[in-house]
Structures are given as structure tokens and as C-alpha cells.
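Worksheet for the structure shown next.
Residue numbers (this note's numbering): 2 to 173.
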């Protein structure tokens with residue numbers, strides 16, 4: 002205990018040239034807190050079979066928690082306006098951000114370049130829990146082709162919070 006979050010993400014796609022909405026099963030396990038979720042093609046239940054439903058009534062003010070990947074300098078530039086409006090945090094790991102959103106500890110997550118090996122699971126698990134996952138223009142990531150060499154800008158979580166973030170990003 003006392004470790005930074007770490008874990009594993011997996012996504013299974015349908016077809017040989019899938020888009021992200023073609024995930025048919027996905028899972029996440031966060032080892033430091035013994036948490037796990039599975040996307041069953043429609044919903045995101047936890048390990049006990051309880052369906053996860055993201056909170057949709059997050060107020061937007063300075064203490065609303067939003068977990069953003071700030072590893073890349075571009076993240077600071079892109080997300081700078083949000084730091085004045087929300088409680089921006091960074092666990093240092095996608096699995097940490099995802100586990101906090103799915104557990105309703107945080108309103109959303111974001112990153113300027115989420116890796117291909119993470120994007121399908123994050124997309125499916127958030128959508129299965131009633132949230133949204135979009136790029137920095139606000140377009141549903143489900144339309145994006147899965148490409149192993151690609152990285153993806155993402156904002157995901159509660160719809161109203163993600164839409165607020167999209168409207169306040171500093172993007173070129």
C-alpha cells in the first residue's frame with residue numbers, strides 16, 4: 002500500500018480494421034486498490050457484478066476533480082484554462098485516472114496522447130458506465146480507427162463535465 006496506481010487494461014475488438022466502438026469486451030484491473038471492471042459489450046460491471054453508472058450531476062467549480070495526463074508539455078498548454086475552473090490532478094497513470102472516474106471519485110479524465118494499447122479499454126469502460134469519450138474537438142472517439150502506432154487525445158467521463166472541458170480547452 003502507499004504505491005502509485007498501477008494495473009492493466011485490455012480491449013478485444015471485432016474485425017480486422019476496427020474503430021474504437023468495435024470493442025466487444027474490455028477490462029481494467031488496478032492492483033494497488035484491488036479494483037477491477039469488465040466491459041461486457043454493453044455495460045461496465047465491477048468484479049461483484051454491480052453495474053457501474055457514472056455520476057452525471059457533477060457541479061463545475063474549483064473543487065470538481067478532473068484527472069489529466071500532464072506528462073507531456075502539450076498537456077499543460079492544452080489544459081491550462083481548466084486549472085482555474087476545476088481541481089486538476091494527475092496520478093501519473095491512465096489506470097489511476099480511469100479507476101477514480103469509474104469509482105465516482107473524479108468527474109473525468111483526459112490526455113493529449115493516450116496510447117493505442119489503452120484507448121480501447123478506456124473508451125469502452127467509460128461508455129459502458131454511461132459516460133462519454135471524445136477527442137479534443139468533442140467528436141466521439143468511437144469513430145476513430147484503432148491503429149497501434151497512433152496516440153489519441155481524449156476527454157472522458159461525465160457528459161456535462163467533458164463538454165465544459167471541451168469548451169474551455171486551449172487547442173490550436
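Quick reminder that beta carbons are idealized off the backbone N, C-alpha and C, glycines included.
Hey, is residue i close to the ligand ATP, as in C-beta under 7 angstroms from one of its heavy atoms?
i: residue 48; result: The model depicted lacks the ligand ATP and carries no ligand whatsoever.
Would you list the residues sitting across from residue i in a DSSP beta bridge?
i: residue 52; result: 46
i: residue 28; result: 11, 39
i: residue 20; result: 146
i: residue 66; result: 88
Grab me the residues of residue i's own chain with a C-beta within less than 6 angstroms of its C-beta, minus the 5 sequence neighbours each way, in chain order.
i: residue 36; result: 100
i: residue 151; result: 117
Look at the Cβ atom of residue i, then the Cβ atom of residue j, and state whether they are nearer than 8 angstroms.
i: residue 21; j: residue 121; result: yes
i: residue 157; j: residue 54; result: no
i: residue 66; j: residue 107; result: yes
i: residue 114; j: residue 149; result: no
i: residue 127; j: residue 160; result: no
Considering only residues of the same chain and omitting the five flanking positions on each side of residue i, which have a CB-CB separation below 7 angstroms?
i: residue 64; result: 88
i: residue 32; result: 7, 8
i: residue 125; result: 12, 24, 27, 40
i: residue 165; result: 61
Measure the C-alpha to C-alpha separation of residue i and residue j and round it to an integer number of angstroms.
i: residue 24; j: residue 102; result: 20 angstroms
i: residue 38; j: residue 48; result: 6 angstroms
i: residue 143; j: residue 14; result: 12 angstroms
i: residue 172; j: residue 58; result: 26 angstroms
i: residue 78; j: residue 30; result: 31 angstroms
Measure the beta-carbon distance from residue i to residue j and round it to whole angstroms, keeping in mind my assumption that it falls under 8 angstroms.
i: residue 136; j: residue 83; result: That belief does not hold up - the Cβ atoms of residue 136 and residue 83 are roughly 16 angstroms apart, past 8 angstroms.
i: residue 10; j: residue 163; result: With a Cβ gap of about 20 angstroms, residue 10 and residue 163 do not count as contacting.
i: residue 70; j: residue 112; result: 4 angstroms
i: residue 147; j: residue 19; result: 5 angstroms
Excluding the 5 residues flanking residue i on each side, which residues of the same chain have their C-beta closer than 8 angstroms to its C-beta?
i: residue 92; result: 5, 6, 68, 98, 101
i: residue 56; result: 105, 108, 159
i: residue 167; result: 135, 137, 138, 139, 156
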